[in-house]
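In this note's numbering, the protein residues as written are 9 to 135. Worksheet: the structure to be examined is printed underneath.
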């Protein structure tokens, strides 16, 4: 059960933001075996004054179209699954809505099963 936050510069149309969600969700389904209806994502838009990033960090040329993706997920995936996730997200977003791979920044935050409550004040994974 991943929870995903996607941050972009303001001004992109709703269809663009929906394509980001779709591309990330398809990658999670393919590489992390996430069920189809397991989708919990938030897209936030930020003004230029509130969107900071290293344009040349690690010799990667980033543009104002940078997409920052933070995925919180259980700490059960292998290194190969993580690499496949990063690659698949970049490929999906390049295909639709047309984000350059250099503009796809991903951070994976791993948590334990007891760190989730899906509702009703219950830790469903550890009950």
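For every residue, glycine included, the Cβ atom is placed at its ideal position computed from N, Cα and C.
- Between the beta-carbon of residue 34 and that of residue 78 there is about 18 Å, and that puts the pair past the 8 Å contact cut.
- Residue pairing from DSSP places residue 80 in a beta bridge opposite 11, 117.
- By the Cβ-count criterion, residue 75 is buried, with 16 or more other Cβ atoms from all chains shown falling within 10 Å of its own Cβ.
- For residue 99, the uninterrupted alpha helix (DSSP H) segment begins and ends at 87-103.
- For residue 17, the beta-bridge partners assigned by DSSP are 54.
- When secondary structure is reduced to three states using DSSP, residue 107 falls in the coil class, being assigned neither helix nor strand.
- Annotation for residue 25: the continuous alpha helix (DSSP H) segment containing it runs 22-40.
- Looking only at 84, 98, 115, the smallest Cα-Cα distance to residue 108 is reached by 98.
- Scanning its chain for C-beta atoms nearer than 6 Å, with the 5 sequence neighbours on each side dropped, one finds around residue 51 the residues 14, 25, in chain order.
- DSSP, reduced to helix, strand and coil, places residue 134 within a helical segment of the structure shown.
- Here residue 83 is exposed. Its C-beta has fewer than 16 other C-beta atoms within 10 Å.
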